[in-house]
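If you want the working numbering, it's the 1-based position in the sequence shown plus 8.
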Amino acid sequence: MIRIAAGEKHSAAINNRNELYIWGVGLHGRLGNGKSSNLVRPTLCEDLQDSKVDKVALGSTHTLCLLKNGKGKVWGAGKYGKLGLEATEECNFGQPKDLIALEKVKVEEFACGPTHSMALTEDGDLYTWGGAKDGKLGYEESRAVVPVPRKILDNNKFYMKEVAIARASKYPLFT
Numbered sequence: 009m010i011r012i013a014a015g016e017k018h019s020a021a022i023n024n025r026n027e028l029y030i031w032g033v034g035l036h037g038r039l040g041n042g043k044s045s046n047l048v049r050p051t052l053c054e055d056l057q058d059s060k061v062d063k064v065a066l067g068s069t070h071t072l073c074l075l076k077n078g079k080g081k082v083w084g085a086g087k088y089g090k091l092g093l094e095a096t097e098e099c100n101f102g103q104p105k106d107l108i109a110l111e112k113v114k115v116e117e118f119a120c121g122p123t124h125s126m127a128l129t130e131d132g133d134l135y136t137w138g139g140a141k142d143g144k145l146g147y148e149e150s151r152a153v154v155p156v157p158r159k160i161l162d163n164n165k166f167y168m169k170e171v172a173i174a175r176a177s178k179y180p181l182f183t
């Protein structure tokens, strides 16, 4: 395995052929196999077996996956808009969906929190979306939810090469 990720109740790994393996609690569709049953062993994500998976990020109930071509795939619980699919209700997507809102940029990194998500582009631009409570998206927002990615920082202001969200914290970390 060349990359690993751990969520609150699920785990993932990418092998040297860029195939995604995922396991854990299947509730809310977070495993991306179209089912809600648990997987106790690493299992190939069949919907992505013909795609070259580069990186994966796991939230509490959702998964974001980055393909080698810089495009994003998302699945799991859409509550709070954290999938970036404009769905803010109790929508669960059990199989990978294209993250269309970011299709015009090349994403380098994803990070997931319990109620929000982040993307860092190859140009150093930072996008956030999902639950906006407590300012965790990086901008003032009167709405409780921002269901599509919004650029908050660009490379003209900061240089970033990684983003992370600490599970025990409400706020993103920049490195």
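Each residue gets a CB set at the ideal place from its N, CA and C atoms; glycine is no exception. Only a predicted model underlies this, so the values are computations on that prediction, with no experimental measurement involved.
Review point. CA-CA distance, residue 152 and residue 38?
Key: Roughly 23 Å separates the two Cα atoms.
**Study point:** CA-to-CA distance, residue 23 to residue 63, given in whole angstroms
**Key:** Going from the Cα of residue 63 to the Cα of residue 23 covers about 11 Å.
Review point. Bridge partners of residue 126, per DSSP?
Key: DSSP, once it has assigned bridges, lists 119 and 136 as partnering residue 126.
**Study point:** Residues that residue 75 bridges to, as DSSP identifies them
**Key:** DSSP lists 61 as partners of residue 75.
Check your understanding: Given a threshold of 16 other Cβ atoms within 10 Å of its Cβ, counted over all protein chains shown, does residue 52 qualify as buried or as exposed?
Key -> The C-beta of residue 52 has fewer than 16 other C-beta atoms within 10 Å across all chains shown, which makes the residue exposed.
Review point. Excluding the five sequence neighbours on either side, which residues of its own chain have a C-beta within less than 6 Å of the C-beta of residue 7, listed in chain order?
Key: Given that the chain is displayed from residue 9 to residue 183, the structure contains no residue 7 and the question cannot be resolved.
Exercise for review: Would you list the one or two residues that DSSP bridges to residue 154?
Suggested key: Residue 154 has 138 as its beta-bridge partners, per DSSP.
**Study point:** Which listed residue (79, 80, 44 and 141) has its alpha carbon closest to that of residue 17
**Key:** It is 44 whose Cα lies nearest to the Cα of residue 17.
Review point. Leaving out five residues before and five after residue 70 in sequence, what residues of the same chain have Cβ atoms less than 8 Å from its Cβ?
Key: Within the same chain, residue 70 has close Cβ partners 36, 38, 82, 83, 84, 85, 86, 90, 91, 120 and 125.
Check your understanding: Which class does residue 88 belong to by DSSP, given the choice of helix, strand or coil?
Key -> DSSP places residue 88 within a helical segment (H, G or I) once states are collapsed to three.
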